[in-house]
Amino acid sequence: MRVVLFLLFLLLGSLFASDDTVLVKAKKVGEYVIVDGVNKNPFSVTVSYNASYQNLKSDKKMPMLFVLNPLMKREVLRLHIEKKGFVLKANYTWTIGSKDAKHDNNYIYRLPYKLGTKRRVAQGFNGKFTHYGMSQYAVDFEMPVGTEVYAAREGRVVKTKDDSNIGGVTRSFEKYANYIIIEHNDGTLASYVHLKQYGVVVEEGDQVDRGQLIGYSGITGLTKGPHLHFIVYRAVNGTTRDSFPIKFMSARGIVTEPVTGKWYVAK
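Mapping of the sequence shown onto the working numbering: position 138 corresponds to residue 378, and the numbering continues sequentially without gaps.
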């Protein structure tokens with residue numbers, strides 16, 4: 241029997257993805273080709289998988305979209321071998337987070353800086369510089385390098401990076417951003433981005449409380465100046481995500497839409 245299995249590895253999607261922690265692998269088992277999904281990460285991922293094949297039969301339509309939970313391995317596709325000399329060609333992309341997450345719209349977030357202090361919003365929702373598309377509902381808070389950053393909501397730290405000291409104003413600098421990603425109990429994720437080098441004080445796997453110190457602001461990645469980029473989101477498919485409009489508690493009450501240029505006191 242001539243067997244040809246092609247699994248063309250395509251990794252796009254998240255800035256925070258690494259290339260060997262999510263695998264979709266095919267193998268021949270008896271009269272079937274079994275495709276397994278493997279997630280080695282401590283967070284859920286959403287995978288987009290597409291395949292073309294000959295002399296194989298499946299009851300699932302392509303492309304497929306599925307979630308792999310943390311540290312999971314499971315069968316995602318089974319194809320029956322109809323004839324000798326079958327061929328399977330496939331590609332996939334993945335991004336951090338679950339497409340099935342549902343944001344708790346009643347949650348009131350804490351402003352991510354020291355209580356009683358005020359910060360100016362450099363860019364609010366729908367900002368023209370970078371807050372559009374997948375980052376539509378991000379908020380940038382102006383902060384001098386080294387400003388304390390606090391968790392806006394309780395959750396589990398799933399990803400961090402703080403080894404960079406590089407920043408700039410073109411897209412080529414995006415990969416140099418330091419960050420903390422926290423997963424909430426509704427499955428959504430929050431990213432705290434542009435932290436200073438060695439400015440992360442939590443570890444992956446830590447449970448953090450609302451208002452807990454998690455790091456220090458910086459000027460790394462794609463940035464015009466020192467600030468904290470904060471966004472809450474979920475995965476949509478293997479390459480894109482949706483951000484959520486969120487509400488903050490301030491000294492003057494609930495803020496439903498942070499206004500560019502306005503100052504807000506944390507409460």
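We put the beta carbon where it would ideally sit given N, CA and C, even for glycine.
Measure from the alpha carbon of residue i to the alpha carbon of each residue in the options, then state which is nearest.
i    : options                   : result
L355 : M304, R474 and V389       : V389
M374 : D482, A506 and I494       : D482
N309 : K267, A341 and H320       : A341
E414 : I348, L435 and R350       : L435
G270 : N279, K358, M312 and I321 : I321
E444 : L263, Y272, N281 and V273 : N281
S220 : K507, H469 and W334       : Any property of residue 220 remains undetermined from this structure, which presents the chain solely from 241 to 507.
I336 : K464, I486 and K399       : K399
F381 : V275, L263, Y438 and I471 : I471
E315 : G395, V278 and P498       : V278
N477 : T286, M312 and N425       : T286
Does DSSP put residue i in a helix, a strand or coil?
i    : result
K487 : strand
Q452 : coil
K267 : strand
T496 : coil
G395 : strand
K280 : coil
I274 : strand
E315 : strand
Buried or exposed: which applies to residue i, given that a residue is buried once 16 or more other Cβ atoms fall within 10 Å of its Cβ?
i    : result
A491 : exposed
W503 : exposed
D403 : exposed
V495 : buried
G386 : exposed
N331 : buried
Using a beta-carbon distance below 7 Å, is residue i in contact with chain B?
i    : result
P466 : Within the model displayed, chain B is absent; a lone protein chain is all it includes.
Open item on the list: My parser needs the beta strand (DSSP E) runs of 3 or more residues fully inside the stretch 317 to 386; what are they?
Closed with: 327 to 336, 348 to 350, 358 to 363 and 379 to 382
- [ ] Answer yes if the stretch 317 to 326 comes into contact with the stretch 450 to 466, meaning at least three C-beta pairs across the two stretches below 8 Å, and no otherwise.
- [x] no
Task: Stretch pair the stretch 415 to 425 + the stretch 376 to 383: three plus CB contacts closer than 8 Å - done: no
Task: Sufficient close CB pairs (3 or more, under 8 Å) joining the stretch 358 to 368 to the stretch 290 to 310 - done: no
Open item on the list: Report the start-end ranges of each alpha helix (DSSP H) in the stretch 399 to 424 that is 4 residues or longer and not cut off at the edges.
Closed with: none
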